[in-house]
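Student: In our numbering, the protein residues as written are 163 to 433.
(1) Does any residue of chain C have a CB that is nearer than 9 Å to the CB of residue 266?
(2) Which runs of the beta strand (DSSP E) at least 3 residues long sit entirely within the segment 255-314? Give them in chain order.
(3) Check for me: the alpha helix (DSSP H) holding residue 121 runs from which residue to which?
(4) Is it the case that the segment 283-298 contacts the segment 333-348, given that we only count it when at least three CB pairs across the two stretches are under 8 Å?
(5) Out of 428, 338, 257 and 165, which has the shortest C-alpha to C-alpha gap to residue 397?
(6) Have a look at 167, 197, 195 and 205 and flag the residue whose alpha-carbon is nearest the alpha-carbon of residue 180.
(7) Report the rounded CA-to-CA distance for residue 312 versus residue 253, giving the unit in angstroms.
(8) In three-state terms, what does DSSP make of residue 407?
(9) Just the Cα atoms here: how many angstroms apart are residue 210 and residue 362?
(10) Spatial neighbours of residue 416 within its chain, please: C-beta separation below 7 Å, excluding the five flanking residues on both sides.
(11) Please say whether residue 183 and residue 172 have beta carbons closer to each other than 9 Å?
(12) What number of angstroms, rounded off, separates the C-alpha of residue 261 from the C-alpha of residue 374?
(13) Shorter than 8 Å, the distance from the beta carbon of residue 259 to the closest heavy atom of the ligand HEM, or not?
(14) Are residue 247 and residue 217 closer than 9 Å when you measure CB to CB?
(15) Do residue 334 and residue 309 have their C-beta atoms closer together than 9 Å?
(16) Would you give the residue range spanned by the beta strand (DSSP E) that residue 248 belongs to?
(17) So what does DSSP say about residue 340, is it helix, strand or coil?
(18) Would you tell me roughly how many angstroms separate the C-alpha atoms of residue 197 and residue 359, rounded to the nearest one?
(19) If the criterion is Cβ atoms closer than 9 Å, does the pair residue 400 and residue 419 meet it?
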């Protein structure tokens with residue numbers, strides 16, 4: 163690992179920032195005002211309206227690498243508070259904010275690279291965050307593979323539109339598609355879907371990286387809460403991509419799946 167004093171951690175919510183900080187204990191931790199930050203006690207807070215101050219701070223500290231970790235809300239900007247850096251780029255910033263997450267994050271990466279700061283994926287810092295292909299809990303024979311194939315077809319379409327990373331399919335029908343509200347809201351909607359519209363017991367949650375997604379700054383993530391939400395939605399299986407989805411608290415995820423009779427499958431996209 164490179165000298166962690168040359169690293170900054172852009173910390174959002176959830177458990178991932180703490181896992182990164184365990185590995186990069188000398189890293190400079192940054193939070194942004196108005197967003198979740200699970201490393202509040204370690205963080206220096208910046209404002210999205212003053213990115214010039216932010217990059218000046220990083221450069222003055224000799225930061226050459228940045229790890230973006232955790233959930234972070236889209237910024238709410240106030241033009242009256244823009245510094246010169248943001249004013250000069252306001253047109254491109256507002257355009258990026260009107261696009262999907264991939265387009266926005268690609269733009270953010272370009273800003274870091276302009277400053278000669280290289281983004282590094284959390285999965286490149288913390289080992290064993292992802293999983294290899296296989297049926298980790300349950301049985302593939304208990305899952306309707308046609309539902310997974312249908313989910314992958316849907317994900318391919320919405321991926322090209324930069325919409326979401328997750329979908330729920332049951333009896334060949336799309337019960338939920340992840341949008342800006344996130345996976346939890348999608349699963350809540352599935353849970354509340356009226357009985358006559360469902361064939362409970364065979365549905366699958368499939369979460370995958372978007373096509374051409376830059377995984378250094380936005381690798382899909384699941385954890386024990388996802389497992390509990392999938393169970394509450396009365397699904398049969400959780401399916402993710404090998405090596406391209408972060409699984410937080412893996413042992414607890416497996417324990418819950420076993421206890422709740424939910425299959426956990428790591429499988430490549432259906433062709």
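Even for Gly, the Cβ is constructed at its ideal location relative to N, Cα and C.
Tutor: Based on what the coordinates show:
(1) Protein chain content of the structure displayed is limited to a single chain, and chain C is not contained in it.
(2) Within the segment 255-314, the complete beta strand (DSSP E) segments at least 3 residues long are 296-299, listed from N- to C-terminus.
(3) Because the chain is modelled from 163 through 433, residue 121 falls outside the range shown and cannot be assessed.
(4) No, because fewer than three Cβ pairs between the segment 333-348 and the segment 283-298 fall closer than 8 Å, the two stretches do not touch.
(5) Working through the chain shown from its first residue, we reach residue 397 at position 235. Shortest Cα-Cα distance from residue 397 to any of 428, 338, 257 and 165 involves 338.
(6) For the purposes of this step, residue 180 is taken as residue 18 along the chain shown, with counting starting at 1. The shortest C-alpha separation from residue 180 is found at 205.
(7) Looking up residue 312 in the chain shown gives position 150. Looking up residue 253 in the chain shown gives position 91. Rounded to whole angstroms, residue 312 to residue 253 spans 39 Å at the Cα level.
(8) Translated into the one-based positions of the chain shown, residue 407 becomes position 245. Three-state DSSP puts residue 407 in coil, outside helix and strand.
(9) Position 48 of the chain shown, counted from the first residue, corresponds to residue 210. Position 200 of the chain shown, counted from the first residue, corresponds to residue 362. Cα to Cα, residue 210 sits roughly 44 Å from residue 362.
(10) Within the chain shown, numbered from 1, the residue matching residue 416 stands at position 254. Excluding its 5 nearest sequence neighbours in each direction, residue 416 has C-beta neighbours in its own chain below 7 Å: 298, 299 and 426, listed in chain order.
(11) Start at 1 with the first residue of the chain shown, and residue 172 comes out as number 10. Start at 1 with the first residue of the chain shown, and residue 183 comes out as number 21. No, the pair does not count as a contact, with Cβ atoms beyond the cut-off.
(12) Within the chain shown, residue 261 is the residue found at index 99, counting from 1. Within the chain shown, residue 374 is the residue found at index 212, counting from 1. Approximately 15 Å, taken between the alpha carbons.
(13) No copy of the ligand HEM appears in this structure; indeed no ligand is present at all.
(14) In the chain shown, the residue the question calls residue 247 occupies position 85. In the chain shown, the residue the question calls residue 217 occupies position 55. The answer is yes: Cβ separation under 9 Å.
(15) Residue numbering aside, residue 334 sits at position 172 when the chain shown is read from its first letter. Residue numbering aside, residue 309 sits at position 147 when the chain shown is read from its first letter. A distance below 9 Å separates the beta carbons of residue 334 and residue 309.
(16) Position 86 of the chain shown, counted from the start, is the residue given in the question as residue 248. Per DSSP, residue 248 belongs to no beta strand (DSSP E); it is in the alpha helix (DSSP H), 246-250.
(17) Taking the first residue of the chain shown as 1, we reach residue 340 at position 178. It is coil, neither helix nor strand.
(18) Start at 1 with the first residue of the chain shown, and residue 197 comes out as number 35. Start at 1 with the first residue of the chain shown, and residue 359 comes out as number 197. For residue 197 and residue 359, the distance between alpha carbons rounds to 37 Å.
(19) Taking the chain shown and counting its residues from 1, one reaches residue 400 at position 238. Taking the chain shown and counting its residues from 1, one reaches residue 419 at position 257. Yes; because the gap between Cβ atoms is below 9 Å, this pair is in contact.
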